[in-house]
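According to our numbering, the sequence shown holds residues 117 to 402 in order. Glycine is no exception: its CB is placed at the ideal position from the N, C-alpha and C atoms. Shown next, in structure tokens, is the structure this report addresses.
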Amino acid sequence: MKKLLYQFDTDALPSVFDNVVAHDGGADQVIPYGSISPQNVGGLVEGAIFTRAPRDKKNTAIFVGGSNLLAGEALYLAVQKKFFGNFRVSMMLDSNGANTTAAACVAWMSHGRSLQGMKAVILAGTGPVGQRAAVMLAQEGVRVSITGRQLDKTQATCDAIAQRFGVTVHAIAAPDLESRAAAVRDTQIIVATGASGVVLLEEEHWKGLSGLKLVADANATPPMGIAGVDIMDKGAQRHGAAVFGAIGFGALKLALHRACIARLFEQNDLRLDANEIYAIAKTMVG
């Protein structure tokens, strides 16, 4: 029986990246749908859960993606509300690649070391990857702060994280280089998750920080979000800190994405969101 993955994308054009990785992860066929919302997904879910016998339902799965994390979360919950009894299939949420990217990054940073009690600042952390990295670091016992241009919007993001995941994340208004440099002065971990083409921190702002242990930049397009980081860095020592670039932990991100897709077809009731994906990532790092 063929393994069918239904790709529900909140964007009008479903992600080609997610489609390719899904095939590489073991799906025999990936069926993409665009502009999917909680309002129009019902019939699609019913088609997925009513068509195969209980023993065969593990061969059908659903992937929720798209560029908007909030829309993806709402869609992910809406799909689950259509399930009942054994009429359900396995699901994965990875809007904007946020879960797999953040999981790969934090898994590398926590590999072989305890992060308990450290302080972390996630620069431009209000986006999808920043939010998920904040959750994963907080669950490792890190005191996490995220920066944004406006304090009220950044605080709203922190409040949403607390409500959904039960962890505390602090908000810092840091709209320019000087304020971001001030934000990282007393921290052990710096992570950049901003938009491509924006330098969030100059090298001079972090190279002299004596307590700094870990630096990661999720931007794979020059210029780097944190100057002085190379996209290929994978634990390289720079200025006394272990440094990770987007390609450095990107291999794990891709492998993780494929592994998660493969797991969807092992049972018909698996849920892969941030916590579950991070747990898998920690078993794969190294």
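As a quick exercise: from the options, pick the residue whose alpha carbon is nearest that of residue i.
i           : options               : result
residue 128 : 353, 151 and 284      : 151
residue 367 : 356, 350 and 382      : 350
residue 305 : 336, 230 and 197      : 230
residue 311 : 146, 341 and 217      : 341
residue 121 : 165, 352, 329 and 225 : 165
residue 248 : 294, 356, 307 and 168 : 307
residue 215 : 194, 363, 355 and 250 : 250
residue 155 : 145, 183, 191 and 313 : 191
residue 143 : 301, 163, 179 and 228 : 179
residue 275 : 286, 183 and 352      : 286
What residues in its chain sit with their C-beta under 7 angstroms from that of residue i, if we drop five residues either side in the sequence?
i           : result
residue 296 : 239, 263, 290, 316 and 317
residue 181 : 123, 125, 131, 134, 188, 210 and 211
residue 400 : 368, 371, 372 and 375
residue 233 : 257
residue 357 : 328, 329, 330 and 331
Measuring only the C-alpha atoms, how far is residue i from residue j?
i           : j           : result
residue 320 : residue 186 : 35 angstroms
residue 236 : residue 261 : 6 angstroms
residue 388 : residue 398 : 14 angstroms
residue 390 : residue 213 : 11 angstroms
Applying the criterion that 16 or more other CB atoms from any shown protein chain within 10 Å of the CB defines a buried residue, is residue i buried or exposed?
i           : result
residue 256 : buried
residue 279 : exposed
residue 225 : buried
residue 292 : exposed
residue 148 : buried
residue 193 : exposed
residue 207 : buried
residue 298 : exposed
residue 337 : exposed
residue 333 : buried
If you drop the 5 nearest sequence neighbours on each side, which residues of the same chain put their C-beta closer than 6 angstroms to that of residue i?
i           : result
residue 119 : 143, 144, 175 and 381
Task: Segment contact flag, the region 367-382 with the region 134-142, C-beta cutoff 8 angstroms, min 3 pairs - done: The region 134-142 and the region 367-382 touch, with three or more beta-carbon pairs separated by less than 8 angstroms.
Task: Touch test, the region 169-176 against the region 192-208, Cβ-Cβ under 8 angstroms, three pairs minimum - done: Yes: at least three Cβ pairs fall under 8 angstroms.
Open item on the list: Check whether the region 214-226 and the region 152-161 are in contact - that is, three or more C-beta pairs closer than 8 angstroms.
Closed with: Result no; under three Cβ-Cβ pairs closer than 8 angstroms.
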